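Participant:
Chains as they are written, first to last, in the working numbering: chain A, 1 to 260; chain B, 1001 to 1364.
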């Protein structure tokens, strides 16, 4: 009896520690907030442009992920080529890569001296780094794998006989993709989009490395929080609360899939 | 990819399907006139579905040729291959595979839309097809709201809405429960009679084949073992599987006398053995209902009397099928009452008799 109780305690105590690890910081954020002053803090001249930029870049990221990620997910899901597992592994790399390393890699590719960036500058006169476009590049780089893997998972679950059946009805592969596959995996696309958007919203390391931290131009909400913590901690807390709220809303939207 | 297209004078279907796929070696010749319904029967893994998918263009031929309604669809030797969307086929599978996100009318209109028909016209066409299968009232329903029998009729309407030259039915009734199945089989029969193209019906249910098809084709391990009208096949099955499908005991033997066949050392007597050389191979069929069972050797016994051991008993409604092990395996169909009277149990020894006039013998 005694040993059973101790064995239970051996499980329960670490479990409560784990919950505390996750909850204490969030509770602290709520306790330390100057609730009455939140509207004033959010009106801080760096907060509004940062939120606006985050909203703009993350929605652009989402559109780009959907446009290029959905076809990639479909090809990965249906390809039987020997190289497909390797390609899938390649897609996962940015998922485990430290974001700062991603930022350095983006600089090496699209920086003024970069492999592609130099040509872009010479031929078209475009310079990507330290612009809002660079923010989108960084966000797409980190968010796309989340989108592709979630959507590919949903597409794997789609009965492949639908493809053949649509073909016998005269549908081209493109029409089948557009009118059969995409609508049938819509829930998977929605959860992939939510994951990708949340990842893009929180993106910090790759953005600050590749796009810099210019208020109103490349300073996204997470960067603004970091900067404001020095000058105006209550503004940082207010902005953090806004982002926490957004995360909770996304979690709520995914509830049907993950919280059972 | 082959771009060449080839015309032929073939009006219906003429196919010589040869390909290897995994352990399956498929080599089947198949032909049919427009309006004809051909049932393809065979055990699992015999290549039925592969054959169907080859006709649909989902699998490519390695040798041979497929020609339908005046054009060659697949001919490796001529470097001709038409993709599934270029062929005029309709495919119906056991679990209907209706598009769950489209209404019934949009499911049926999907084919015409894919072939470039304007939306309003496609919907009109779909409406006509749905009326033809008695579902004109369910146009805006989602597939999930339909019963299994209705869903299968929608699947048929969808397959026919593109006016195919070749309709492919892959076990169209096997997922339905027995009651729905009988009704849907009847509906299917009515709709198919009005279809002017070739229908290939893959099934393992003899009732589907016998009630719907004009011609039966049996394949086993990728090869054609018998074909003919239902009447021909019932009268003279040439293979144990075919006999099992039509419900007959099947034996092979040698003709050893005017009325005698040697089946593995046992003499089976039959009055009407077609003329032919002695020692020639023959097929012997015995209807299970012609096998009578006795606890003791019957008096003045008929010439076909054999000691047997009960191997298995299967109840089929009011009758029972008793599998007997004697000189050869024999199935007997007896009433449930007879089972009780004889107190038949597995392992029991009985006497089986068959009237000579019930035994059918024909050259192998």
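Using N, Cα and C, we set each Cβ at its ideal position, and we do this for glycine too.
Because the structure is a prediction, the values reported are computed rather than measured.
What does residue 161 (chain A) touch in chain B if you count any residue whose Cβ is under 8 Å from its own?
Facilitator: Within chain B, the residues near residue 161 (chain A) are 1093 and 1097.
Participant: By the three-class DSSP mapping on this structure, what secondary structure does residue 126 (chain A) have?
Facilitator: Three-state DSSP puts residue 126 (chain A) in coil, outside helix and strand.
Participant: Kindly list the residues whose CB is nearer than 6 Å to the CB of residue 109 (chain A), restricted to its own chain and excluding five residues on each side of it in sequence; keep chain order.
Facilitator: Counting only Cβ-Cβ distances below 6 Å, and skipping sequence neighbours, we find 115 and 116.
Participant: Using the beta-carbon count (16 or more within 10 Å), is residue 1404 (chain B) buried or exposed?
Facilitator: This structure cannot settle anything about residue 1404 (chain B), because the visible part of chain B is limited to 1001 through 1364.
Participant: Using the three-state DSSP reduction, which class does residue 32 (chain A) fall into: helix, strand or coil?
Facilitator: Correct three-state label for residue 32 (chain A): helix.
Participant: By the DSSP assignment, the alpha helix (DSSP H) with residue 1228 (chain B) in it spans what residues?
Facilitator: It is not in any alpha helix (DSSP H) - residue 1228 (chain B) instead sits in the beta strand (DSSP E) that spans 1223-1228.
Participant: Give every residue of the same chain whose Cβ lies closer than 6 Å to the Cβ of residue 1233 (chain B), excluding the five residues on either side of it in the sequence, and list them in chain order.
Facilitator: Same-chain partners within the cutoff: 1216.
Participant: Which value, in whole angstroms, describes the spacing of the CA atoms of residue 1019 (chain B) and residue 1165 (chain B)?
Facilitator: Using only the alpha carbons, I get a separation of about 23 Å.
Participant: Which chain B residues sit within Cβ distance under 7 Å of residue 175 (chain A)?
Facilitator: Chain B residues near residue 175 (chain A): 1114.
Participant: Beta-carbon of residue 1013 (chain B) versus every beta-carbon of chain A: anything under 8 Å?
Facilitator: No - not a single Cβ of chain A is within 8 Å of the one on residue 1013 (chain B).
Participant: Grab the span of the beta strand (DSSP E) containing residue 1363 (chain B) for me, first residue to last.
Facilitator: Taken as a continuous stretch (DSSP letters only), the beta strand (DSSP E) holding residue 1363 (chain B) covers 1360-1363.
Participant: Are the segment 1172-1186 of chain B and the segment 1088-1098 of chain B in contact at 8 Å, needing three or more beta carbon pairs?
Facilitator: Enough Cβ pairs lie closer than 8 Å, so yes.
Participant: Run through DSSP, which three-state label would residue 46 (chain A) get?
Facilitator: DSSP places residue 46 (chain A) in coil when its eight states are reduced to three.
Participant: Between which two residues does the alpha helix (DSSP H) holding residue 99 (chain A) run?
Facilitator: Element bounds for residue 99 (chain A): 99-110.
Participant: CB-CB under 8 Å to residue 1235 (chain B), same chain, minus the five flanking residues each way: which ones, in chain order?
Facilitator: 1360.
Participant: For residue 1332 (chain B), which residues does DSSP report across the bridge?
Facilitator: Bridge partners of residue 1332 (chain B): B:1322.
Participant: Are the C-beta of residue 1089 (chain B) and some C-beta of chain A separated by less than 8 Å?
Facilitator: Yes - at least one Cβ of chain A is within 8 Å of the one on residue 1089 (chain B).
Participant: Applying the 10 Å Cβ sphere with the 16-neighbour rule, what's the burial state of residue 240 (chain A)?
Facilitator: That one is buried.
Participant: Could you tell me which residues DSSP pairs with residue 1266 (chain B) in its beta bridges?
Facilitator: DSSP, once it has assigned bridges, lists B:1263 as partnering residue 1266 (chain B).
Participant: Closer than 7 Å, Cβ to any Cβ of chain D: which residues of the segment 163-194 of chain A, in chain order?
Facilitator: You won't find chain D in this structure, because its protein chains are A and B.
Participant: With a cut-off of 8 Å, does the C-beta of residue 1309 (chain B) fall near any C-beta of chain A?
Facilitator: Answer no: the Cβ-Cβ gap between residue 1309 (chain B) and chain A never drops below 8 Å.
Participant: Just curious, the alpha helix (DSSP H) that residue 1138 (chain B) is in, first and last residue?
Facilitator: Premise fails: residue 1138 (chain B) is in no alpha helix (DSSP H) and is neither H nor E.
Participant: Could you name the residues that DSSP lists as bridge partners for residue 1020 (chain B)?
Facilitator: Beta-bridge pairing links residue 1020 (chain B) to B:1025.
Participant: In the structure shown, what three-state DSSP assignment does residue 1162 (chain B) receive?
Facilitator: In the structure shown, residue 1162 (chain B) sits in coil (DSSP, three-state: anything other than H, G, I, E or B).
Participant: Does DSSP put residue 1048 (chain B) in a helix, a strand or coil?
Facilitator: Correct three-state label for residue 1048 (chain B): helix.
Participant: Taking the alpha-carbon of residue 202 (chain A) as reference, which of A:17, A:51, A:9 and A:45 has the nearest alpha-carbon?
Facilitator: Closest by alpha carbon: A:51.
Participant: Use the C-beta contact count for residue 1047 (chain B): other C-beta atoms within 10 angstroms, 16 or more gives buried, fewer gives exposed.
Facilitator: The residue is buried, with at least 16 neighbouring Cβ atoms inside 10 Å.
Participant: Buried or exposed: residue 1357 (chain B), going by 16 or more other Cβ atoms within 10 Å of its Cβ?
Facilitator: Exposed, by the Cβ-count rule.
Participant: Which residues does DSSP list as the beta-bridge partners of residue 1283 (chain B)?
Facilitator: DSSP, once it has assigned bridges, lists B:1252 and B:1362 as partnering residue 1283 (chain B).
Participant: Chain A partners of residue 1006 (chain B), CB-CB under 7 Å?
Facilitator: Those do not exist, as residue 1006 (chain B) stays about 20 Å from chain A at its closest Cβ, beyond 7 Å.
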